[in-house]
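S.K.:
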Amino acid sequence: MSYSPTPADSSIPPAAWTGEPGSDLLDHLATIDDPRDPRGRRYSLASLLALCVCAMTSAGHDTAGAVIEWAHNAPRTTLARLGLPVCPFTQRIRIPDERTLREALARLDPAHLTRAGLAALPLRTSPAHDPPSTPAGAPEREHRRAHRHRPSPERPRHEAYAVDGKTQRGARPAKGRRARSVSFHAARHRDAALVACTQITGKGCETTAFTPLLDQLGDEDLAGVLITADALHTVAAHAAYLRSRGAHYLIYAKANRPGLHSQPAALPWKQVPVAHVEGPEHVHGRQERRSIKVTAVDGLAFSGARQAVRIERHRREHGTAATSREVVFAVTDLQAHQVSPAEPAAHARGHRIVENRVHHVRDVTFSEDRRRTRIGAAPVVLGCVTDMVRQALAAAGWKNLASGRRAHTNPDKALALHGITRTQPVWA
Numbered sequence: 001m002s003y004s005p006t007p008a009d010s011s012i013p014p015a016a017w018t019g020e021p022g023s024d025l026l027d028h029l030a031t032i033d034d035p036r037d038p039r040g041r042r043y044s045l046a047s048l049l050a051l052c053v054c055a056m057t058s059a060g061h062d063t064a065g066a067v068i069e070w071a072h073n074a075p076r077t078t079l080a081r082l083g084l085p086v087c088p089f090t091q092r093i094r095i096p097d098e099r100t101l102r103e104a105l106a107r108l109d110p111a112h113l114t115r116a117g118l119a120a121l122p123l124r125t126s127p128a129h130d131p132p133s134t135p136a137g138a139p140e141r142e143h144r145r146a147h148r149h150r151p152s153p154e155r156p157r158h159e160a161y162a163v164d165g166k167t168q169r170g171a172r173p174a175k176g177r178r179a180r181s182v183s184f185h186a187a188r189h190r191d192a193a194l195v196a197c198t199q200i201t202g203k204g205c206e207t208t209a210f211t212p213l214l215d216q217l218g219d220e221d222l223a224g225v226l227i228t229a230d231a232l233h234t235v236a237a238h239a240a241y242l243r244s245r246g247a248h249y250l251i252y253a254k255a256n257r258p259g260l261h262s263q264p265a266a267l268p269w270k271q272v273p274v275a276h277v278e279g280p281e282h283v284h285g286r287q288e289r290r291s292i293k294v295t296a297v298d299g300l301a302f303s304g305a306r307q308a309v310r311i312e313r314h315r316r317e318h319g320t321a322a323t324s325r326e327v328v329f330a331v332t333d334l335q336a337h338q339v340s341p342a343e344p345a346a347h348a349r350g351h352r353i354v355e356n357r358v359h360h361v362r363d364v365t366f367s368e369d370r371r372r373t374r375i376g377a378a379p380v381v382l383g384c385v386t387d388m389v390r391q392a393l394a395a396a397g398w399k400n401l402a403s404g405r406r407a408h409t410n411p412d413k414a415l416a417l418h419g420i421t422r423t424q425p426v427w428a
């Protein structure tokens, strides 16, 4: 048999594929700088990342070891479509071991993977009128979920990003002490897509990582964007930085900044009319109603603050008569002519998208806190991979992500979900 040997560090030759260049996920992943030493490099970084994305799309494959198991069970043609190299002597697809995969992920910059995943998002399947192919009973459930999660009729005028961090409890050092690995990221309100991500280790904190995180975004990406953050980021330097980049902010004023918190709390709110009311809504086993008051102010002890926001929440657990009341204050640099009273309320609720659609999904659907990967940046990178899977399933119309993962146990369906359109190589 005659054949043309494939170099050990290359993927399937481009001539072996059908499909236009730049048309699938692999092409976007190929734009990521490979931090590994080129000597002895057998697997391309794009192929390893594509393998992770497709394997973790399938239910039950949440760790690096499970990714390798998925590869061993996948058809030969599927692995070839992912660009895994071919042994020149046996003509078999080479499959990396778990250590090779973990070391490659450990050296990767999460910011680069986040940027590539965001660029590849338009490749995802657009939602159809009918739910994707699911077992009996699932289509009706997907319709109900789609109706419940339908977008608000009034879309805010400003694109908004929520900045928050998540401690990865499963990352532990060799001697059993709890390691401190935090995935610090910015998520887009309207679809929960990550736009920036970094890792915080050791004695680092979210406050000092705020500026480097948003430095990942260009001026054209940040200009006019509203940044929402919790009380930890009620820092004057953060507000000044955002204004210098042409961005805006909506930040909570709580007791950690008593000088700032006392100012909006002391305003004559009884004289300010209610500007917007939401609810009552029945969610998470409770009835919730919110009212918002907004007033223009000058002289707040915060850089550029132009309006103060008072949000009052009333909650009642189902099956009980007792209600709870919560009042929180926030400040924003947007003026009255730049934002309607309903928009601060939408942005305040949108900030919770990080907890509800990013952190919660990572823990419950992808079992991140049970993942014991701890080497380098691998814990954060695997979190970014799960976010790519989440975004792909959401873009394809799935509201129940666990059901969506079960529906993509077939490797070819997983590749199709992520826009990998390359067909079988000519040697197959």
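The opening residue of the sequence shown carries number 1 in UniProt numbering; numbering runs sequentially from there.
Even for Gly, the Cβ is constructed at its ideal location relative to N, Cα and C.
#1: My assumption, with CB atoms under 8 Å, is that Leu-25 sits in contact with His-418. Please give the rounded CB distance.
#2: Within 10 angstroms of the Cβ of His-318, are there 16 or more other Cβ atoms? Answer buried if so, exposed if not.
#3: Buried or exposed: where does Cys-205 fall if 16 or more other Cβ atoms within 10 Å of its Cβ makes it buried?
#4: How would you call Ser-244, buried or exposed, if buried means at least 16 neighbouring beta carbons within 10 angstroms?
#5: What does the alpha-carbon distance come out to for the pair Ala-416 and Gly-404?
#6: If we call anything under 7 Å between Cβ atoms a contact, is Glu-98 one with Ala-64?
#7: When the Cα of Leu-48 is compared with those of Val-297, Pro-38, Leu-101, which residue comes out closest?
#8: Do you know whose CA, among Ala-171, Val-331, Arg-188, lies nearest Leu-250's CA?
#9: May I ask you to report which of helix, strand or coil DSSP gives Tyr-161?
#10: In three-state terms, what does DSSP make of Arg-289?
#11: Here's a check: name, in chain order, each residue in its chain whose Cβ is nearer than 6 Å to the Cβ of Ala-171, leaving out the five neighbours to either side.
#12: Can you find the residues in the same chain that come closer than 6 Å, C-beta to C-beta, to Gly-117, ignoring five residues on each side of it along the sequence?
#13: Report yes if the CB atom of Glu-355 is closer than 7 Å to the CB atom of Arg-315, and no otherwise.
#14: If I measure Cβ to Cβ from Asn-410 and keep anything under 7 Å in the same chain, skipping five residues before and after, which residues do I get?
#15: Give, in chain order, every unbroken run of the alpha helix (DSSP H) that is at least 4 residues long and sits entirely within the stretch 196 to 279.
#16: To the nearest angstrom, how far is it from the Cα of Glu-278 to the Cα of Ile-420?
#17: Can you give the Cα-Cα distance for Arg-169 and Tyr-241, rounded to whole angstroms?
#18: Between the Cα of His-112 and those of Val-381, Ala-394, Arg-357, spot the shortest distance and give me the residue it belongs to.
#19: My understanding is that Ala-209 touches His-189, with C-beta atoms under 8 Å, so please give their C-beta distance in whole angstroms.
#20: Determine the direct distance from the alpha carbon of His-282 to that of Leu-45, and round the result to whole angstroms.
#21: Got a sec? Which residues, its chain only, sit under 6 Å from Val-309 by beta carbon, not counting five neighbours each side?
#22: Pull up the distance between the alpha-carbon of Gly-383 and that of Leu-267, whole angstroms please.
#23: Which same chain residues, not among the five before or five after Ala-336, have their C-beta less than 6 Å away from its C-beta?
#24: Starting from His-359, follow the beta strand (DSSP E) in both directions and report where the run begins and ends.
#25: Over the uninterrupted alpha helix (DSSP H) stretch that includes Ile-311, give me the two end residues.
#26: Could you name the residues of the same chain whose beta carbon sits closer than 6 Å to that of Arg-313, not counting the 5 residues immediately before and after it, in chain order?
#27: Where do the N-terminal and C-terminal ends of the alpha helix (DSSP H) with Thr-78 fall, by residue?
M.R.: In brief:
#1: 5 Å
#2: exposed
#3: exposed
#4: exposed
#5: 13 Å
#6: yes
#7: Leu-101
#8: Val-331
#9: strand
#10: strand
#11: Ala-179, Ser-181, Arg-374, Pro-379
#12: Met-388
#13: no
#14: none
#15: 206 to 214, 219 to 222, 236 to 244, 258 to 265
#16: 42 Å
#17: 31 Å
#18: Val-381
#19: Not really, about 20 Å apart at Cβ, beyond 8 Å.
#20: 46 Å
#21: Val-294, Ala-330, Pro-344
#22: 43 Å
#23: Ala-296
#24: Unbroken run through His-359: none, as it is neither H nor E.
#25: Segment 307 to 317 is the beta strand (DSSP E) holding Ile-311; no alpha helix (DSSP H) there.
#26: Arg-290, Glu-326
#27: 76 to 81
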